[in-house]
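Heads up, the thing below is written out as C-alpha cells.
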Amino acid sequence: MILSRSVIAGNVNLLQVTCLSRLTWFRAHQLYWSAVCTQVLVTRLKTKVSSCSSSLSQIFKMLKTPDVLLLFCLVGTADALYKQWIPDTNYENKTNWDKGEVPCGNDIVEFLAQKKVSVFVETTHAVQELRLPVHGEFILNSGAGFYVMSGQDEDCGPGVTTQFKDSESLQWFNPALWQAAATQDDLQDGNFLFSVHEESVPCKYDDVVFKARSSFRVDTSSSQSSISVKSVSVLGKTFDSKSEFSEYLSSHSGQLQFHGSSAVTVGDPGCGDPSGCDCGNSVNHQQICGTVTCTSLSCKKPLLPVGHCCNVCGAIVTIYYTDGFNLQTYRERIQHLFLSLSKYKSIQLGMSKVFKTQRLMGIIPFGTSPEIQVVILDGDKGTKSAALAKDILKDIRSHGSNLGITEAKFQASSGGNTESSAGMVVGVVFGVLIIITFIVLVVVLMRKGVVKMPSLPSLPSLSIFKRNSDDGDLNGTLDHGFDNPMFDKPNMLPDIPGLYGTENSISLTPTGVHFVNPVYDENETDFTA
5 MILSRSVIAG
15 NVNLLQVTCL
25 SRLTWFRAHQ
35 LYWSAVCTQV
45 LVTRLKTKVS
55 SCSSSLSQIF
65 KMLKTPDVLL
75 LFCLVGTADA
85 LYKQWIPDTN
95 YENKTNWDKG
105 EVPCGNDIVE
115 FLAQKKVSVF
125 VETTHAVQEL
135 RLPVHGEFIL
145 NSGAGFYVMS
155 GQDEDCGPGV
165 TTQFKDSESL
175 QWFNPALWQA
185 AATQDDLQDG
195 NFLFSVHEES
205 VPCKYDDVVF
215 KARSSFRVDT
225 SSSQSSISVK
235 SVSVLGKTFD
245 SKSEFSEYLS
255 SHSGQLQFHG
265 SSAVTVGDPG
275 CGDPSGCDCG
285 NSVNHQQICG
295 TVTCTSLSCK
305 KPLLPVGHCC
315 NVCGAIVTIY
325 YTDGFNLQTY
335 RERIQHLFLS
345 LSKYKSIQLG
355 MSKVFKTQRL
365 MGIIPFGTSP
375 EIQVVILDGD
385 KGTKSAALAK
395 DILKDIRSHG
405 SNLGITEAKF
415 QASSGGNTES
425 SAGMVVGVVF
435 GVLIIITFIV
445 LVVVLMRKGV
455 VKMPSLPSLP
465 SLSIFKRNSD
475 DGDLNGTLDH
485 GFDNPMFDKP
495 NMLPDIPGLY
505 GTENSISLTP
515 TGVHFVNPVY
525 DENETDFTA
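Numbering (this note's numbering), first residue to last: 5 to 533.
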C-alpha cells in the first residue's frame with residue numbers, strides 16, 4: 005500500500021492511518037500465521053493537545069487555533085516519567101536467537117511450536133526453511149518479508165538450525181528490564197534516569213512506552229488484579245483510554261504481547277502534586293526484589309535507600325520541604341549545577357518522594373512523613389557520592405529558602421561525618437523529653453484530683469493460714485491427730501500421791517532446769533533440759 009498523506013488546510017482535525025506493508029498470509033503445518041502491517045496513527049488534535057512545546061512561538065500559534073484545549077505541561081508540574089520496556093521480539097535482534105546471530109539464507113529458522121510470540125520484521129530475509137508455532141504473528145515493516153534461496157547463500161555459512169528464544173519469562177516487575185526518562189526526547193537520546201528498584205518499574209502515574217518499531221511479550225503476573233499506569237504506547241500508538249486499551253488487549257496482537265494474571269489498565273490521572281507523588285509499587289516490593297540479585301560491597305557503611313532491594317555504596321540526601329517545592333525543577337537544577345561537571349560524570353542520581361516511617365527514640369514506629377530522597381551512587385566506595393552530597397547541602401544552605409526546602413541532611417557509606425547522626429541525637433533527646441513531660445503531667449493531675457489512680461485488687465487475707473480450732477472456716481472439725489493419755493486427759497490415770505512429783509520436783513539452777521522423773525526416782529537420775 006502506498007504511503008498516503010491527508011492534509012486538510014486550515015483545520016486542526018487530522019486523522020491519518022498509513023499501512024507500511026501489504027497484508028500477507030503464511031501457511032505452515034495447516035495453520036495460519038498473520039503478518040500484520042505496522043500502523044502509524046496521527047491522533048486528532050480537535051479537543052486537546054497532549055504534548056507541549058517548549059517554544060513560545062508554537063504555543064502562541066496553537067492558541068490561535070479554534071476548538072483546541074491546551075493542556076499546559078509546565079516543567080515540573082508533575083513527576084510522571086516515561087518508562088520504556090527494553091527487551092523486544094524483533095527478528096533482527098541477534099540476542100533473540102540461540103546461536104547469537106540473525107539467520108541467513110542457508111539456515112533453518114525455527115520457532116517453538118507451543119510458544120506464543122509476536123515478531124517484528126524490519127527488512128527482507130532469506131531462509132532455507134521456516135518452521136512456525138501454533139500461535140504467533142509477524143508484524144512486517146514496509147518492504148519486509150521472507151523468501152527461500154534457490155541455491156546456496158555465499159555470504160552465509162554452511163547452514164544451521166537456529167531457534168528463536170523463548171520470551172515467556174520476561175516479567176513486568178523486573179526493574180532491570182525498564183529504562184526511565186523525563187521526556188520522550190530523552191528516551192530517544194538515551195538520557196536515562198536512575199531510580200531505586202521500586203520506581204524503576206512503571207509507577208501508577210507513568211507513561212509506559214514499547215518501542216514503535218518493535219514487538220514484545222511481557223508477563224504481567226502479580227499479587228494484584230490489575231496494574232494501573234497513565235498511558236501505554238504500542239507500535240507508535242498511545243492508549244490513554246481504558247476502553248480503547250482494553251479492546252486492544254483482547255485483540256490477537258494484544259494477547260500475544262501481554263500475558264499474565266494482572267491486567268494492565270490505563271487512564272490514571274497521574275501525579276498532580278508539584279512535590280511529587282508516591283510511586284505505589286511498595287505493595288509489589290517482594291516480587292520486584294525477587295528478580296534482583298544483590299552484589300557484595302566494599303564500603304565501610306552500606307546504605308539501604310527506601311524502595312531499593314539492596315544495600316548500596318554512596319550517599320543519601322534527605323530533604324524536607326514546604327508547599328513551594330517543585331521536584332522536577334529541583335531535579336533539573338541538580339543536573340545543571342552538578343551532574344554536568346566532569347568530576348561527577350560517573351555519578352548515578354535518583355530523586356523521588358518517599359514516605360518514611362517515623363520512630364520514637366529510633367525504635368517505636370508512630371507514623372510516616374513525606375520527604376525527598378536523593379540517592380547518589382558512584383560505583384566506587386562512595387567517596388564521590390559523599391562529595392556531591394556535601395555540595396548539594398551547601399547549595400541548600402544558600403538557596404534552600406527560595407527552593408521551598410526547609411532542612412536537609414545526608415548519610416554517606418564512606419564513613420565520613422554525616423549530619424544525619426546529629427538528627428538522630430536530637431530525635432532521642434526529643435523523645436526522652438516527651439516521656440518526662442508526660443510523667444510530670446500525670447503526677448500534677450493526680451495531685452489535683454483530676455486523674456485518679458485505679459484501685460488495685462485486694463490481696464487475699466492471711467487469716468486463712470491461722471490455726472483455728474473452731475468449726476466453719478474449713479467446713480468441718482480440724483484433725484488434732486491422736487490423744488495422749490498422759491497430757492490430754494490426765495484424769496484417766498489413778499490419783500496416786502507423789503506420782504507427778506512434789507513441789508520440789510522441778511528446780512531452776514544456774515546450769516539449767518531440772519526435774520525429777522518419777523519413773524526413775526529410785527536411781528535419782530537427773531536430765532538437763
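Glycine is no exception: its CB is placed at the ideal position from the N, C-alpha and C atoms.
What residues are listed by DSSP as bridge partners for isoleucine 323?
According to the DSSP secondary-structure assignment, isoleucine 323 is paired through a beta bridge with Ile376 and Ala412.
Using only the alpha-carbon positions, how far apart do leucine 381 and serine 199 sit?
Annotation: leucine 381 to serine 199 spans about 11 Å, alpha carbon to alpha carbon.
Would you say the region 437–448 touches the region 406–416, given that touching needs at least three Cβ pairs under 8 Å?
Judged by Cβ distances under 8 Å, the region 437–448 makes no contact with the region 406–416, as fewer than three pairs qualify.
Ends of the beta strand (DSSP E) at isoleucine 112?
Per DSSP, isoleucine 112 is one residue of the beta strand (DSSP E) stretching across 112–114.
Counting C-beta neighbours from all protein chains within 10 Å, is the total for valine 316 16 or more, i.e. buried, or is it exposed?
Label assigned to valine 316: buried.
Limits of the alpha helix (DSSP H) - the one that threonine 333 falls within:
First-last of the alpha helix (DSSP H) with threonine 333: 331–338.
In whole angstroms, give me the CA-to-CA distance for leucine 437 and serine 245.
Separation of leucine 437 and serine 245 (C-alpha to C-alpha, rounded to the nearest whole angstrom) is 54 Å.
Sheet register partners of tryptophan 101 (DSSP bridge):
Residue pairing from DSSP places tryptophan 101 in a beta bridge opposite Phe168.
Determine the DSSP secondary structure at glutamate 202, reduced to helix, strand or coil.
In the three-state DSSP reduction, glutamate 202 falls in the helix class (H, G or I).
Under the rule that 16 or more other beta-carbon atoms within 10 Å means buried, what is glycine 386, buried or exposed?
Per the 10 Å Cβ criterion, buried.
Three-state secondary structure (DSSP) at lysine 241?
In the three-state reduction of the DSSP assignment, lysine 241 falls in the strand class, which pools E and B.
Per-residue DSSP class, three states only, for glutamate 141
If DSSP states are grouped into helix, strand and coil, glutamate 141 belongs with the strands.
When Leu345, Ile231 and Phe214 are compared against leucine 181, the one with the closest alpha-carbon
With distances taken between Cα atoms, leucine 181 lies closest to Phe214.
Take valine 138 as the anchor and find which of Ala186, Thr299, Leu116 and Ala130 has the nearest alpha-carbon.
Cα-wise, what sits closest to valine 138 is Leu116.
Specify, as a first and last residue, the run of the alpha helix (DSSP H) that lysine 87 falls within.
Note, lysine 87: premise wrong, no alpha helix (DSSP H); beta strand (DSSP E) at 86–89.
If you compare alpha carbons, which of Ser255, Gly371, Leu407 and Glu96 is closest to arginine 335?
Cα-wise, what sits closest to arginine 335 is Leu407.
Within the continuous alpha helix (DSSP H) that includes aspartate 399, where are the two ends?
Run containing aspartate 399: 387–407, per the alpha helix (DSSP H) assignment.
Buried or exposed for arginine 451, going by 16 or more other Cβ atoms inside 10 Å?
Looking at its Cβ environment, which holds fewer than 16 other Cβ atoms inside 10 Å, arginine 451 is exposed.
According to DSSP, which residues form a beta bridge with aspartate 272?
Note: aspartate 272 sits in no beta bridge, so no partner.
DSSP on glutamate 248, reduced to helix/strand/coil?
Three-state DSSP puts glutamate 248 in a helix.
Helix, strand or coil at alanine 148 [DSSP, three-state]:
If DSSP states are grouped into helix, strand and coil, alanine 148 belongs with coil.
Close-in-space but distant-in-sequence residues of the same chain around glycine 161 (CB under 7 Å, 5 per side omitted)
Excluding residues within five positions, the ones whose Cβ falls inside 7 Å are Asn110.
Can you tell me which of the three DSSP states glycine 328 falls into?
Collapsing the DSSP output to three states places glycine 328 in coil.
Compute the distance between the beta-carbons of valine 233 and phenylalanine 249, then report whether it is under 7 Å.
In this structure, phenylalanine 249 does not lie closer than 7 Å to valine 233 by Cβ.
Within this structure, are the beta carbons of glutamate 202 and glycine 311 separated by less than 7 Å?
Yes.
My output table needs one value for phenylalanine 442: the three-state DSSP class, helix, strand or coil.
Note: phenylalanine 442 maps to helix in three-state DSSP.
Just to confirm the assignment, what range does the beta strand (DSSP E) spanning leucine 174 have?
First-last for leucine 174: undefined, no H or E at that position.
What would DSSP say about phenylalanine 359, mapped onto helix, strand or coil?
Looking at phenylalanine 359 - three-state DSSP - the assignment turns out to be strand.
When Pro374, Ala216 and Phe150 are compared against glycine 240, the one with the closest alpha-carbon
The option with the nearest alpha carbon to glycine 240 is Ala216.
Could you please give the first and the last residue of the uninterrupted beta strand (DSSP E) stretch that includes serine 230?
In the DSSP assignment, serine 230 falls within the beta strand (DSSP E) that extends over 230–232.
Roughly how many angstroms separate the alpha carbons of phenylalanine 196 and glutamine 188, rounded to a whole number?
Phenylalanine 196 and glutamine 188 have their alpha carbons spaced roughly 10 Å apart.
Spatial neighbours of serine 265 within its chain, please: CB distance less than 6 Å, with the 5 preceding and 5 following residues excluded, ordered by chain position.
Excluding sequence neighbours, serine 265 sits near Ser225.
According to DSSP, is valine 454 helix, strand or coil?
Secondary structure of valine 454 (DSSP, three-state): coil.
For aspartate 223, name the three-state secondary structure that DSSP assigns.
Looking at aspartate 223 - three-state DSSP - the assignment turns out to be strand.
Would isoleucine 143 pass as a contact of serine 229 if the rule is Cβ separation under 7 Å?
No; because the gap between Cβ atoms is not below 7 Å, this pair is not in contact.
Please state whether the Cβ-Cβ distance between serine 417 and lysine 305 is less than 7 Å.
Yes, the pair counts as a contact, with Cβ atoms nearer than the cut-off.
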